[in-house]
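**Student:** There's a structure below that I have some questions on.
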Amino acid sequence: MFLYILRRLPQTILVIFGVTLVTFIALQIGGDPTYLFISDRASPEEIEATRIKLGFDKPLYIQYFNYVIKLLQLDFGNSLYFGQSAMTIILETLPATIELTIFSMLIAIFGSIPFGIFAAIYRGTWIDGTLMAIAMLGQSIPSFWLGIMCILYISLNVGWLPISGHVPFLMPLFQGNFIEAFKNLPTTLTYLILPGFAVAFYSVARNARLIRSSMLEVLSQDYVRTAKSKGLTNYVVIMRHAMRNAWLPVVTIIGLEFGFMISGVVVVEVIFAWPGLGRTIFDAIANRDIPLVQAAVVVISVFVIIINLITDLVYAKLDPRIKL
Amino acid sequence: MNRSESSSNHKTTNGNTSGSSSFLKLLSALIQNKWALISVVWLFFIIIVAIFASELSPLDPNKNHIMERVSPPLTLDKKGDMKYLIGSDALGRDGLSRLIYGAQVSLLVGFTAVFIGGILGTLLGILAGYYGRLIDDIIMRLADIQLAFPFILLAILFLVVLGEGLINLILVLGVGQWVTYARIARAQTISQKEKEYVEAAKALGVSNFNIMFGSILPNIFAPLIVIASFNVASVILAEAALSFLGLGVPPQIPTWGAMLAESRDHIFAKRWWLPFFPGMAILITVLAFNIVGDWLRDYLDPRLKEIE
Amino acid sequence: MKKLITGVAIVVGLILPASFSFAAPPDDTFVVGLPTDTRGLEPAQISSRHTANIMKHMFGQLYSVSASGSIDPNLAESYSISEDGKEYTFTLQEGLTCHDGEALTAEDAAYSFNRVADPELAFTGNSAGFVYKSIDFKEARADSELDVTIVLGGPNHIALGLISEIYVHCKDSYENMTKEEAATNPVGSGPYEFVKWDKGSQIVMKKTANPPIPANFENIIWRVIPEASTRTAELIAGNVDMITNASPDQVEAIDASSTAKVAKVQGTRRMYVGFHQGPEFAVTPGGAAIQKPEVRRALQYAVDVEAICANLLNAPCTRMTGIVNPNNAHPTLEPYPYDPEIAEYLLDQAGYPRDANGVRFEMTLQAGEGRYLNDKNVVLAICQYLDDIGVKTKCDILDWSSVYIPLIIEKKAGPMYFIGSGGATWSPLYDMADLSKPDSGPNYTKWQNEEWFKGWKVINNTNNEYIIRREVDRMLEVFYNEGPWLHLYFQPDFYGVSNRVDWSPRRDEKVDLFSATLK
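Chains V, F and Y supply the protein sequences, listed in that same order.
Going by my numbering, the residue at position 214 of the first sequence is 214; the numbering climbs one at a time, nothing skipped.
If you count the second sequence from 1, you need to add 324 to reach my numbering.
If you count the third sequence from 1, you need to add 632 to reach my numbering.
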């Protein structure tokens, strides 16, 4: 296990650098980024002064080189748009996205299990048909549409849930403010429900179908049928075993799931006014805020890579047939 | 039960399956599965509409009639003939014409992006699987880098920089897809590499290029087509999301995703036809691609279940 | 399975009591829904209307422009102008303090002004970029405990209004902060003090113990809600008291709800299509055509501005007659009517008949997207109108901040471009200042007309109001006949206002909540 981690480390670092290089190149392709940082009515001299001050007049390779040096010192520079340290801004909005992502992943994993299992057990009946139909639909709806419809019909018309906004939980928690964090928790959960659902629905649908087929495979095997005919107790034990196996395909995709979640998170954060990293990145890219974008991308990449590593390890542990 | 169906493919000496008999088997399996059949029929219908858009469209999809904006469906013109069958949009442009041309553009974007991603990914995957070692490592590292980027961020990044444009959109969506193809192609190539027909070809002095693309490629086609089907569905959805974020096609070009995104302003005004028609078009078409992909996968080889 | 069910039950149990806590704001709090977050809370660096509105509540100004266009005392009680018109001396109120307790005196006011111009801090934005250039700011000095003097490069009729755009704060607090710290830790001087900024989510402020100008609500919360339909939903649900920029298509729905209404105001922002007059475009056929005043006049008749307003903006309008807002505009000029036949006739006369394909000449119209009310659709409609009279127009709608603005600032957008320019109600000269010199920043068309620009010499050399007005009218006639703008409209503003509060919006896009009350 330890050796595996050691082997993966250089690869991981290479991937992170690749990611920063791609971001850097991408943002320079479009031309001179100086224009975002002056008022509509500034003069050419001011534009030039700003360009020099921000370092955009230097050749590209020097800009990247300086950047890499700073990166090694964990200095992501100041956000060009906000003027504060890029890391500070990311750390301010990261907790909200972590809340949303974790909540969505929990829904995606745990919400899909009963879905998939029931469909498998009642295979061929109307229960299976309905559940699978919902699952197919779930993979065919644009997520922003789902979000807007939820707001209109669940929040606005009926008032069961809040429309938009955020009450922080993780942020006070990280700052050691436990009382405030736990006081906020119920409200945070209330605000999390709709956005979490909107992000997770696609995954729930897909996972449900996966679990169903994997369950069906296990159920169709001989030893299960034998146990079933022999009596109830054996059957229950085998069912538990079947369910545990049904898990595996879900675990394999959790890593990919995380990356996919982030994609859904950006759209949902905009609709539900969720003040997270997805929105920060989107605004930052529109503002050509290179340091902020790069810092955010590095942070997210590191997360994704770590989650991938963890899921690989978990999968290996669960299924000893797999060689590392 | 599915396993016995698929083992009826029989292999000839160069590893290819014989053409016409498997096609007939495909067809008969399709007819037996009601949902897959309906989906295929729908897709054919949509493709025909897309190809003949200019003949089928009643009006110019880009001509504004701002005095007649947001007319509801079944609006008649002054002479009493049908003018806006499914209504007009915020600029008075005909909904039906835009829906028809939207089919053209949405499918164009979908197929082209998947084509680009598919070619790129398959190429890289076969190369990685066949040559192994350094080439494999490099290609898989590139794949890892790409996977570390959540797709939407990559898309946002390049679209904001490169600017709007149909071509940019297709390129971004296409290039973003290559990894799934590459992985499957690589895995399949690795398993095919050990087979007899490859050994035989090498012994006969057939060039690597011919082996890879003449012999191996046709054999691994099947799972790639399955992926392609799912991918067209996800590209159409991705285009809708990008339109929502303001990074989709340029304003005049109609796509279902853009029409849906533009209808947001009008939900409160209860102009249901603005989101309903493009929304249903997306829903049904994406559903159809997903169903066909599912069915194809089950038909070809149930062991490919992990493909999504 | 049992564990799962108990787990869900616990979560639901936690949530249920909280479900009823997200209702209308409390009686002492006013909540605003904004489409974007502010970039920072630095008083010397303001580049957007939203930020200016927020800062206005936290920082005082020497004088401030009221909703009706008068310029009233704020932190200062009175002012005087020197003989040569270059020095404005303001006398501050007594007993003013900044929010950290420091006494606010003339020294602080002078510091505030000098800080904006500090080359080390290198501020850009409205204050340093537009205001200081327009008044040719030299320096500020404290003449006594309460007297501060602003020194300009020369006499300027709109200086007072412009000086009112600068925010005043205390020296000690800002001297001790770095630029980065200042952006998130505002120490203000206005009626409301800063409480917190949850990035991307909200800015919270509360009334100070001794506000320098009267204010009603105890707390103001500025909530960031980027998606327009979500903002409207929050307004209708009663969770938000006011939203700026309500979409024209949502007006009926908001009015029909029992919780809010839309307040429509005739704004002061001049929306126009510019005819680029520079040599770089004159070499293209379209660019050459619009060099001729007769062609520009012809095109004025081609666009149905009133239909655009009525249909796309949901706000009937009268077309503008020129660069100046209606209460100060030329008294007798009538707006160009929509008459495509006249347009076609004039273009024939000007030497641009339709060819075999029906095209007179080709044109490109550039615009940015998402900045102004329904801008994309307005531009598409204009392109269509031009197409209809034979000017084949390529409608180039670009990304606002990364593509369009750079083109505009470098004066390279064209040959025709769509944009809006903020205006005012308190003086025609402010509106005309876009073209105060041939090389003015906002003169994106590079128009060089002698007849217009020579008028400024006359205006700047006199204080006689009658002469100034006569010259203004003469210049406006020149602008009407040969100007570089295709006249459109003054942008209407739609504010969604909750029925819970009593508040009316201003015409100049400035938002102040001081006089808002609970109904």
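Cβ coordinates follow ideal geometry from the N, Cα and C atoms, glycine included.
#1: Given a cut-off of 8 angstroms, decide if phenylalanine 849/Y and leucine 1145/Y are closer than it, judged by their beta-carbon atoms.
#2: Measuring only between beta-carbons, confirm whether methionine 391/F sits less than 8 angstroms from chain Y.
#3: Are the beta-carbon atoms belonging to lysine 839/Y and proline 823/Y less than 8 angstroms from one another?
#4: Which of helix, strand or coil does DSSP assign to cysteine 1190/Y?
#5: For the beta strand (DSSP E) containing aspartate 1028/Y, list its first residue and its last residue.
#6: Does the Cβ of arginine 1102/Y have 16 or more other Cβ atoms within 10 Å, making it buried, or fewer, making it exposed?
#7: For a test of the three-state rule: what should DSSP assign to leucine 728/Y, helix, strand or coil?
#8: Of all the residues that make up the region 479-513 of chain F, which are near chain Y by a beta-carbon distance shorter than 9 angstroms?
#9: Who are the near neighbours of valine 19/V in its chain, counting only those whose CB is closer than 8 angstroms to its CB and skipping five residues on each side?
#10: Among Gln139/V, Val15/V and Gln294/V, which has the Cα closest to the Cα of arginine 206/V?
#11: Quick check: glycine 1022/Y and leucine 978/Y, are their CB atoms within less than 8 angstroms of each other?
#12: What are the residues that DSSP puts in a beta bridge with threonine 723/Y?
#13: Count the CB pairs spanning the region 739-759 of chain Y and the region 696-705 of chain Y that are closer than 8 angstroms, and state whether there are at least three.
#14: Using three-state DSSP, classify isoleucine 955/Y as helix, strand or coil.
#15: When the Cα of isoleucine 544/F is compared with those of Thr446/F, Leu569/F and Ala612/F, which residue comes out closest?
#16: For asparagine 333/F, does the three-state DSSP call read helix, strand or coil?
#17: Tell me whether leucine 324/V sits in a helix, a strand or coil according to DSSP, three-state version.
#18: Name the chain F residues that come within less than 7 angstroms of glutamine 139/V, Cβ to Cβ?
#19: Using a Cβ-Cβ cut-off of 8 angstroms, state whether alanine 656/Y counts as contacting chain V.
#20: Please tell me whether isoleucine 148/V and arginine 588/F are closer than 8 angstroms, where the distance is taken between their beta carbons.
#21: From the beta carbon of leucine 415/F, is the nearest beta carbon of chain Y less than 8 angstroms away?
#22: What did DSSP end up calling tryptophan 829/Y once you bin it into helix, strand or coil?
#23: Any C-beta of chain V within less than 9 angstroms: which residues of the region 843-866 of chain Y qualify?
#24: Classify glycine 785/Y as buried or exposed, calling it buried when 16 or more other Cβ atoms lie within 10 Å of its own Cβ.
#25: Across the region 906-914 of chain Y and the region 1034-1053 of chain Y, are there enough close Cβ pairs to call them in contact, namely three or more that are closer than 8 angstroms?
#26: Identify the continuous beta strand (DSSP E) that holds tyrosine 1127/Y and give its terminal residues.
#27: At a CB-CB cut-off below 7 angstroms, which residues of chain V make contact with alanine 472/F?
#28: Can the beta-carbon of leucine 571/F be found closer than 8 angstroms to that of leucine 483/F?
#29: Mind pulling the chain F residues with CB within less than 7 angstroms of leucine 102/V?
#30: What does the alpha-carbon distance come out to for the pair leucine 36/V and serine 1033/Y?
#31: Is the beta carbon of leucine 945/Y closer than 8 angstroms to that of asparagine 1006/Y?
#32: Can you pull the DSSP bridge partners for lysine 583/F?
#33: Using a Cβ-Cβ cutoff of 7 angstroms, what residues of the region 160-183 of chain V are near chain F? List them in chain order.
#34: So which residues of chain V does glycine 603/F contact, with C-beta pairs closer than 7 angstroms?
#35: Drop a sphere of 10 angstroms on the beta-carbon of proline 602/F, count the other beta-carbons inside from all chains shown, and report buried for 16 or more, exposed for fewer.
#36: Does chain F have any CB closer than 8 angstroms to the CB of asparagine 1009/Y?
**Tutor:** Straight from the coordinates:
#1: yes
#2: yes
#3: yes
#4: Since the displayed chain Y opens at 633 and closes at 1151, residue 1190/Y lies outside it and no answer follows.
#5: 1023-1031
#6: exposed
#7: coil
#8: Val484, Val485, Gly487 and Glu488
#9: Val297, Val298 and Ser301
#10: Gln139/V
#11: no
#12: Ser710/Y and Asp779/Y
#13: no
#14: coil
#15: Thr446/F
#16: Reliability of the predicted coordinates at asparagine 333/F is poor, the pLDDT of 41 falling under 50, and the value obtained from them is presented with this limitation in mind. Asparagine 333/F falls in the coil class under three-state DSSP.
#17: With a pLDDT of only 42 at leucine 324/V, under 50, the local geometry of the prediction cannot be trusted, and the value read off the model is given with reservation. Here leucine 324/V sits in coil by DSSP.
#18: Asn614
#19: no
#20: yes
#21: yes
#22: strand
#23: Arg855, Val856, Ile857, Pro858, Glu859, Ser861, Thr862, Arg863, Ala865 and Glu866
#24: exposed
#25: yes
#26: 1117-1130
#27: Val15, Val19, Ser301, Val304 and Ile305
#28: yes
#29: Per the sequence shown, residue 102/V should be read as isoleucine rather than leucine. Under the 7 angstroms cutoff, chain F gives no residues; its nearest Cβ is about 16 angstroms from isoleucine 102/V.
#30: Only weak support is given to the placement of leucine 36/V: the predicted model assigns it a pLDDT of 49, under 50, and the question is left unresolved by the model.
#31: yes
#32: One detail in the question is off: residue 583/F reads as methionine in this sequence, not lysine. According to DSSP, methionine 583/F bridges with nothing at all.
#33: none
#34: Trp145
#35: buried
#36: yes
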